[in-house]
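Student: These protein sequence lines map, in sequence, to chains D and C.
When we follow our numbering, the leftmost residue of the first sequence carries the number 172, and every step to the right adds one.
When we follow our numbering, the leftmost residue of the second sequence carries the number 172, and every step to the right adds one.
Number of protein chains: 2
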Amino acid sequence: MTTGAPRKTRSDGERSRNAILDEAARLATVQGLSGLSLGRLADAVGMSKSGLFAHFGSKEDLQLATVESAVRVFDAHVIEPAASAPPGLARLRALVDAYLRYVETDVFPGGCFFAATLMELNMQPGPVRDRLVRFFGDWLQHLATIVREAQAAGEIDESEDPEQLAFELEAAFFLANGQFVVMRSPEPLERARRTIERRLAAAAPAAG
Amino acid sequence: MTTGAPRKTRSDGERSRNAILDEAARLATVQGLSGLSLGRLADAVGMSKSGLFAHFGSKEDLQLATVESAVRVFDAHVIEPAASAPPGLARLRALVDAYLRYVETDVFPGGCFFAATLMELNMQPGPVRDRLVRFFGDWLQHLATIVREAQAAGEIDESEDPEQLAFELEAAFFLANGQFVVMRSPEPLERARRTIERRLAAAAPAAG
Chain D
172 MTTGAPRKTR SDGERSRNAI LDEAARLATV QGLSGLSLGR LADAVGMSKS GLFAHFGSKE
232 DLQLATVESA VRVFDAHVIE PAASAPPGLA RLRALVDAYL RYVETDVFPG GCFFAATLME
292 LNMQPGPVRD RLVRFFGDWL QHLATIVREA QAAGEIDESE DPEQLAFELE AAFFLANGQF
352 VVMRSPEPLE RARRTIERRL AAAAPAAG
Chain C
172 MTTGAPRKTR SDGERSRNAI LDEAARLATV QGLSGLSLGR LADAVGMSKS GLFAHFGSKE
232 DLQLATVESA VRVFDAHVIE PAASAPPGLA RLRALVDAYL RYVETDVFPG GCFFAATLME
292 LNMQPGPVRD RLVRFFGDWL QHLATIVREA QAAGEIDESE DPEQLAFELE AAFFLANGQF
352 VVMRSPEPLE RARRTIERRL AAAAPAAG
């Protein structure tokens, strides 16, 4: 190592690794996950390239570690806040609020990490794309599960297909995120909210 | 949205330029518009880099010309087929069909050119991003115009906000495209169609 920095304890190293990956995930939403070279990241975090190389052996390892870091951020900002709401429509609405807030508050400067990187890598086979595809499938399943909980609570009609409803929720999220990044206005987020509220009203259980 | 360019006899140079740009637009949906170097494109079309340089002075000029080429493809596959349907719901449904067909038939190997490239360049200021943003705004306005025509024809309720409905249509398209590219299955396209048919049924004029 040629950083000239004093040797750090393991816990400092862990903290430093997490700080590097936070920055990497932020950078990836601006320049792309493919644009995430060790050199660029070294500039962004003020370390030497060889110092970074000690943390991450290859660009692909760095990309995979960056995705895992973004998964933790997404869990903390979107999944966990909704998980503390009671199952049913309340939890579904908490998830909608949490996702739209995650976009609006610039948790990542280029909007939702997963929307950005999956659209970037969808035609580039390999473990990074596979990981992103798996995340996206898990997310849609999570949405469908929360819809099923609302059905079990008698708050969404039994005739609704949870996977179809999950698609419609994610469609509103996906476009709201895409437009917010470009427009920097709350309008698309409000449109998404209106779309979803209307759809949930239509999905209310039939009387009787 | 239509090119307005009269069909005329083209020189070999124009034909060759168009063939190069077709390939460039296809490549851009796989490797990104940023990944579209003169060198890579030269390999793909079997020309020398200097030969390509004679057509396009800079990478940015090539990117802008590629976007215009993709606009013509989009017009031919999506806008024009719908324009020949009568105004109202028939034209709106023709547009939905045309868009989903444009995705499903791999007009571009990486799905909708504009979804791919706008998500790629949304954080990279410059004339290429500006052109893509303008296209996207025009497209949403086009959708809203077709909704207004259906309102004028008495086929969509007057109380519907055309811009909101345009957002909802595009949300279904945007996610259907994103998922189709990854899954290579018609399922997301069918989900989008179901979303839209249900939404149009809900938008039918109130009786009386």
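Idealized CB from N, CA, C, for every residue including glycine.
Mind pulling the chain D residues with CB within less than 8 Å of C:Met218?
Tutor: For the purposes of this step, residue 218 of chain C is identified with residue 47 of the second sequence, where counting begins at 1. Under the 8 Å cutoff, chain D gives no residues; its nearest Cβ is about 23 Å from C:Met218.
Student: Given C:Thr174, which residues of its chain have a CB within under 7 Å of its CB, disregarding the five upstream and five downstream residues?
Tutor: As a first step, residue 174 of chain C is located in the second sequence; it is residue number 3 there, counting from the start. A caution first: C:Thr174 carries a pLDDT of 49, below 50, which makes its placement in the model unreliable, though a value can still be read off. Answer for C:Thr174: Arg243, Asp246, listed in chain order.
Student: Which stretch, first to last residue, makes up the alpha helix (DSSP H) that contains C:Met294?
Tutor: Residue mapping note: residue 294 of chain C aligns to position 123 of the second sequence, counting from 1. No alpha helix (DSSP H) contains C:Met294, which DSSP labels as neither H nor E.
Student: Taking CB distances under 8 Å as the criterion, tell me whether D:Glu339 reaches chain C.
Tutor: Position 168 of the first sequence holds residue 339 of chain D. D:Glu339 counts as touching chain C.
Student: Looking at the C-beta of C:Val238, does it have a partner C-beta in chain D at a distance below 8 Å?
Tutor: Start at 1 with the first residue of the second sequence, and residue 238 of chain C comes out as number 67. C:Val238 does not count as touching chain D.
Student: Taking the beta carbon of C:Ala373 as the centre, do at least 16 other beta carbons fall within 10 Å, making it buried, or is it exposed?
Tutor: Reading the second sequence from its first residue, position 202 is the one you call residue 373 of chain C. So C:Ala373 counts as exposed.
Student: Just checking, does the stretch 310-324 of chain D make contact with the stretch 216-236 of chain D on the three C-beta pairs under 8 Å criterion?
Tutor: No: the two stretches stay apart, fewer than three of their Cβ pairs being nearer than 8 Å.
Student: Which of helix, strand or coil does DSSP assign to D:Pro359?
Tutor: Taking the first residue of the first sequence as position 1, residue 359 of chain D is located at position 188. D:Pro359: helix per DSSP, three-state reduction.
Student: Determine, using beta carbons only, whether D:His313 and D:Val278 come nearer to each other than 8 Å.
Tutor: Within the first sequence, residue 313 of chain D is the residue found at index 142, counting from 1. Within the first sequence, residue 278 of chain D is the residue found at index 107, counting from 1. No. Outside cutoff.
Student: If you compare alpha carbons, which of C:Asn189, C:Val353, C:Pro257, C:Glu368 is closest to D:Phe306?
Tutor: The sequence position of residue 306 of chain D within the first sequence is 135, counting from 1. Among C:Asn189, C:Val353, C:Pro257, C:Glu368, the Cα nearest to that of D:Phe306 is on C:Val353.
Student: Between the stretch 351-371 of chain D and the stretch 266-280 of chain D, do at least 3 Cβ pairs fall closer than 8 Å?
Tutor: Yes, since at least three Cβ pairs between the stretch 351-371 of chain D and the stretch 266-280 of chain D fall closer than 8 Å, the two stretches touch.
Student: Considering just the uninterrupted stretch of the alpha helix (DSSP H) at C:His226, what are its terminal residues?
Tutor: Counting from one through the second sequence, the residue named residue 226 of chain C turns up at place 55. Run containing C:His226: 220-226, per the alpha helix (DSSP H) assignment.
Student: Could you tell me the distance, in whole angstroms, from the CA atom of D:Gly297 to the CA atom of D:Thr316?
Tutor: The count along the first sequence starts at 1 and reaches residue 297 of chain D at position 126. The count along the first sequence starts at 1 and reaches residue 316 of chain D at position 145. Computed Cα separation, rounded: 29 Å.
Student: With D:Ser330 as the anchor, note down where its alpha helix (DSSP H) starts and where it stops.
Tutor: Looking up residue 330 of chain D in the first sequence gives position 159. Premise fails: D:Ser330 is in no alpha helix (DSSP H) and is neither H nor E.
Student: Establish whether the CB of D:Gly349 and some CB of chain C are separated by less than 8 Å.
Tutor: Here residue 349 of chain D is taken as the residue at index 178 of the first sequence, counted from 1. Yes, D:Gly349 lies at the interface with chain C (some Cβ there is under 8 Å from its Cβ).
Student: Does D:Thr366 get closer than 8 Å to chain C when you measure Cβ to Cβ?
Tutor: Within the first sequence, numbered from 1, the residue matching residue 366 of chain D stands at position 195. Chain C, which has a Cβ nearer than 8 Å to the Cβ of D:Thr366, makes this yes.
Student: Beta-carbon within less than 6 Å of D:Leu287's beta-carbon, same chain only, minus the 5 sequence neighbours each way: which residues are those?
Tutor: As a first step, residue 287 of chain D must be located in the first sequence, where it is residue number 116. At residue 287 of chain D the sequence reads Ala, which differs from the Leu that was named. Closer than 6 Å at Cβ, skipping near neighbours: Thr200, Gly281.
Student: Which residues in chain D sit within 8 Å of C:Ala375, going by Cβ to Cβ distance?
Tutor: By one-based count along the second sequence, residue 375 of chain C stands at place 204. Per Cβ cutoff of 8 Å: no residues; C:Ala375 is ~13 Å from chain D at best.
Student: What is the DSSP secondary structure of D:Thr366, counted as helix, strand or coil?
Tutor: The residue given as residue 366 of chain D occupies position 195 in the first sequence. The answer is helix: DSSP assigns D:Thr366 an H, G or I state.
Student: Applying a beta-carbon distance threshold of less than 8 Å, which residues of chain D neighbour C:Gln406?
Tutor: With chain C running from 172 to 379 in the structure shown, residue 406 of chain C is simply not present.
Student: I need the DSSP call for C:Ala377, collapsed to helix, strand or coil.
Tutor: Here the question's residue 377 of chain C lines up with position 206 in the second sequence. It is coil, neither helix nor strand.
Student: Could you name the residues of the same chain whose beta carbon sits closer than 8 Å to that of C:Pro376, not counting the 5 residues immediately before and after it, in chain order?
Tutor: By one-based count along the second sequence, residue 376 of chain C stands at place 205. For C:Pro376, where only same-chain residues beyond five positions count, the Cβ hits under 8 Å are Gly325, Glu326, Ile327, Asp328, Glu329.
Student: So, does the CB of C:Arg362 fall closer than 8 Å to a CB anywhere in chain D?
Tutor: The residue given as residue 362 of chain C occupies position 191 in the second sequence. Yes, its Cβ sits closer than 8 Å to a Cβ of chain D.
Student: Do the CB positions of D:Leu371 and D:Leu260 come within less than 8 Å of each other?
Tutor: Reading the first sequence from its first residue, position 200 is the one you call residue 371 of chain D. Reading the first sequence from its first residue, position 89 is the one you call residue 260 of chain D. In contact: D:Leu371 and D:Leu260 (Cβ atoms closer than 8 Å).
Student: D:Gly203 and D:Glu291 look like a contact to me (Cβ under 8 Å); what is the Cβ gap, rounded to whole Å?
Tutor: Here the question's residue 203 of chain D lines up with position 32 in the first sequence. Here the question's residue 291 of chain D lines up with position 120 in the first sequence. The pair is a contact, with the Cβ atoms about 5 Å apart (cut-off 8 Å).
Student: May I have the straight-line CA-CA distance separating D:Ser187 from D:Arg197, to the nearest angstrom?
Tutor: Here residue 187 of chain D corresponds to residue number 16 of the first sequence, with the count starting at 1. Here residue 197 of chain D corresponds to residue number 26 of the first sequence, with the count starting at 1. Taking the straight line from one Cα to the other gives about 15 Å.
Student: Using a beta-carbon distance cut-off of less than 8 Å, what residues from the stretch 252-277 of chain D approach chain C?
Tutor: Answer in chain order: no residues at all.
Student: Along the alpha helix (DSSP H) that carries C:Pro252, what are the first and last residues, could you check?
Tutor: For the purposes of this step, residue 252 of chain C is identified with residue 81 of the second sequence, where counting begins at 1. Where C:Pro252 is concerned, the enclosing alpha helix (DSSP H) stretches over 251-254.
Student: Answer yes or no: does any C-beta atom of chain C fall closer than 8 Å to that of D:Phe345?
Tutor: For the purposes of this step, residue 345 of chain D is taken as the residue at position 174 of the first sequence. So yes, D:Phe345 belongs to the interface.
Student: C:Ala287 touches chain D at which residues, Cβ-Cβ below 9 Å?
Tutor: Here residue 287 of chain C corresponds to residue number 116 of the second sequence, with the count starting at 1. Here the neighbours are Met290, Glu291, Asn293, Met294.
Student: Which two residues bound the contiguous alpha helix (DSSP H) that contains C:Phe245?
Tutor: Position 74 of the second sequence, counted from the first residue, corresponds to residue 245 of chain C. Its alpha helix (DSSP H) spans residues 230-245.
Student: Are any of the Cβ atoms in chain D nearer than 8 Å to that of C:Ala342?
Tutor: Along the second sequence, read from residue 1 onward, the residue named residue 342 of chain C stands at position 171. So yes, C:Ala342 belongs to the interface.
Student: Which chain C residues are close to D:Val353, counting only those with a beta carbon under 8 Å from its beta carbon?
Tutor: Working through the first sequence from its first residue, we reach residue 353 of chain D at position 182. The contacting residues are Leu289, Asn293, Val304, Phe307.
Student: Determine, using beta carbons only, whether C:Thr366 and D:Glu339 come nearer to each other than 8 Å.
Tutor: To locate residue 366 of chain C, count along the second sequence from 1; it is residue 195. To locate residue 339 of chain D, count along the first sequence from 1; it is residue 168. Yes, the pair counts as a contact, with Cβ atoms nearer than the cut-off.
Student: Please report the distance separating the alpha-carbon of D:Gly308 from that of C:Ser219.
Tutor: On the first sequence, position 137 is the one that residue 308 of chain D refers to. On the second sequence, position 48 is the one that residue 219 of chain C refers to. Spanning the two alpha carbons is a distance of roughly 43 Å.
Student: Beta-carbon within less than 6 Å of C:Ala347's beta-carbon, same chain only, minus the 5 sequence neighbours each way: which residues are those?
Tutor: Position 176 of the second sequence, counted from the start, is the residue given in the question as residue 347 of chain C. Excluding positions up to five away in sequence, the list reads Pro359, Leu360, Ala363.
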